[in-house]
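Beneath this line is the structure, given in structure tokens, with notes to follow.
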Amino acid sequence: MNWEDFRHWGRRAADWAADYHAGLRNRPVRAQVSPGAVLSALPSTPPESAEAMQAIFDDFEQTIMPGMTHWQHPRFFAYFPANAAPVSVLAEYFVSAIAAQCMLWQTSPAATELETRVCDWMRQAVGLPDGFTGVIQDSASSATLCAVLTMRERALAWQGNKAGLAGQPQMRVYCSAEVHTSIDRAIWIAGIGEDNLIRIPTQGPNRAMDATALRAAIAADRAAGHLPAGIIACTGGTSAGASDDIAAVMDVAEAEGLYIHVDAAWAGSAMICPEFRTLWAGVERADSVVLNPHKWLGAQFDCTTHFLRDPEDLVRTLAIQPEYLKTHGADGIVNYSEWSVPLGRRFRALKLWFLIRAHGLEGLREMIRNHVTWAQDLAARLDDTANFEIVTAPMLSLFTFRHAPAGVHDLDAHNQDLVNRINTDGRIYLTQTRIDGNLVIRFQAGAFTATAEDVAMAYDVITELAAP
Ligand code: PLP
5 MNWEDFRHWG RRAADWAADY HAGLRNRPVR AQVSPGAVLS ALPSTPPESA EAMQAIFDDF
65 EQTIMPGMTH WQHPRFFAYF PANAAPVSVL AEYFVSAIAA QCMLWQTSPA ATELETRVCD
125 WMRQAVGLPD GFTGVIQDSA SSATLCAVLT MRERALAWQG NKAGLAGQPQ MRVYCSAEVH
185 TSIDRAIWIA GIGEDNLIRI PTQGPNRAMD ATALRAAIAA DRAAGHLPAG IIACTGGTSA
245 GASDDIAAVM DVAEAEGLYI HVDAAWAGSA MICPEFRTLW AGVERADSVV LNPHKWLGAQ
305 FDCTTHFLRD PEDLVRTLAI QPEYLKTHGA DGIVNYSEWS VPLGRRFRAL KLWFLIRAHG
365 LEGLREMIRN HVTWAQDLAA RLDDTANFEI VTAPMLSLFT FRHAPAGVHD LDAHNQDLVN
425 RINTDGRIYL TQTRIDGNLV IRFQAGAFTA TAEDVAMAYD VITELAAP
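In the numbering used here, the protein residues as written are 5 to 472.
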């Protein structure tokens, strides 16, 4: 394909995308293929000769698309959303066409400076004070890894990268059992070791870390000669939206001189609505905060905003400057590759800029407020329906429930079967989780194009398929 062919196919791709989205409600949300079906439909050897674009496109439609789960479906109620607003898809199209490597200021000055500007827009949008500086990472997992590496280096007086961890006391990091597994992975990769990730018991309806137990765990570790390094708090945990009392945890972190990172990967987007900010009260005292505009807000995956109270700590942890990456003669510039684990960087700021401008914060707030209201309505309806029980009340737009008719002994198997039947039916898509050991059904409303009717349909499908 040359760029003249691209002109034709680019137009067709735009038409295809608009048609695809217009017809999404007619497709089953979750892919309905069996494992291996797509693989076996694909030739086992690569083509030696060029193939016509039309043939490639036909196979894309006939072989690939039936094997896709539709994350942009308005009735996608599983996991968390990965919203791609049309305007952010458009921005990604431009980014793909430019195909710049945005690792250093001089390799893409506008990308760097736009990133600085939109991160500060996001900081203001979610109500973080102006002491925070933002950077865009590929994922919350990466941002959390950066935070763990920084807490490790800070605790080791910046010697860990050079000397490793051998001979050091056991380093300890604290969190609740409600945090996402990206925290475990960051601990593994940083060489701290899972056994040194100390799970603090939770309490109350928010399933928040018990600050008294946290203080006691740190004291016990210090007495045992271990080295407490940091705390990872969460606002909006993945299973049920668990949210730590950040202010209480901060009191401990400050008294103990520990680094604190707040994972608000999903719920952080809701903080553009001032009324939800009580959920993370105290966050302004954290060392770093991560939230994913690529989840709820509508900036196409991938786009994670990572806010730092002192970016120098991160740069000190990650910066490495071989001669071939030096930017002689450019003063006062930022090279964001020194703020992240990968060197190469996509131009992720463009879609966030397009998104915020095209919808305005007020437009995005309206979407989030609707989702929260609709999820609360659905929870209330299920709560009023015989044999359904709400297990965890709505945390923003996320709640869990289960079907518990009399006479069913294995409720876990019964509810897993219900989830499977709902997803095979295809009109909606949701998933299960475990709460206090029990298998429950998890629901979140968050699709960019969802309507009140889409959420109401979830009630119809759930109750219809649960009926004996
Ligand atoms: N933190 C929380 C609370 C999450 O729910 C998730 C993913 O769902 C992550 C972190 C990881 O996000 P990412 O896929 O951006 O690494």
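Beta carbons: idealized from backbone N, C-alpha and C, even for Gly.
Item                                                                                                                         : Value
8 Å Cβ cutoff met for Thr453 and Pro78                                                                                       : yes
Host alpha helix (DSSP H) of Thr216 (start-end)                                                                              : Ala215 to Ala227
Whole-number beta carbon distance between Arg29 and Asn427, since they are thought to touch under 8 Å                        : Between Arg29 and Asn427 the Cβ distance is about 16 Å, and since that is not below 8 Å, they are no contact.
Short CB-CB distance (under 8 Å) between Gln436 and chain C                                                                  : Absent from the structure is chain C; it holds one protein chain and no more.
Beta-carbon spacing of Ala290, His265 below 8 Å                                                                              : yes
Cys277: CB within 7 Å of a non-hydrogen atom of the ligand PLP                                                               : no
Any non-hydrogen atom of the ligand PLP within 7 Å of Asn296 CB                                                              : yes
Own chain, CB closer than 8 Å to Tyr24, minus 5 neighbours either side, in chain order                                       : none
Coil, strand or helix - Ala18 by DSSP                                                                                        : helix
Neighbourhood of Asn210 by C-beta, 7 Å cutoff - its chain only, sequence neighbours within 5 removed                         : Ala246 and Ser247
Distance cut-off 7 Å: Ser401 Cβ against heavy atoms of the ligand PLP                                                        : no
Span of the beta strand (DSSP E) around Gln163                                                                               : No beta strand (DSSP E) contains Gln163, which DSSP labels as neither H nor E.
Limits of the unbroken beta strand (DSSP E) element including Arg313                                                         : Element bounds for Arg313: n/a, residue is neither H nor E.
Contact between the stretch 140-148 and the stretch 381-390 (3+ Cβ pairs under 8 Å)                                          : no
Ala161: CB within 7 Å of a non-hydrogen atom of the ligand PLP                                                               : no
Helix, strand or coil at Pro232 according to DSSP, with G and I counted as helix                                             : strand
Burial state of Val412, where buried means 16 or more other Cβ atoms lie within 10 Å                                         : exposed
Beta-carbon contacts of Thr331 that lie in its chain and below 7 Å, excluding the five residues immediately before and after : Leu108, Trp109, Gln110, Ile337 and Asn339
Nearest neighbour of Ala257, chosen from Ala269, Trp270 and Gly234 [CA to CA]                                                : Gly234
Proximity winner among Asp249, Met399 and Leu356, relative to Arg121 (alpha-carbon distances)                                : Leu356
The stretch 432-448 in contact with the stretch 71-85 per 3-pair CB rule at 8 Å                                              : yes
Ser292 CB to nearest heavy atom of the ligand PLP below 7 Å                                                                  : no
Nearest neighbour of His375, chosen from Arg320, Gln325, Phe305 and Leu301 [CA to CA]                                        : Leu301
Host beta strand (DSSP E) of Glu393 (start-end)                                                                              : Phe392 to Met399
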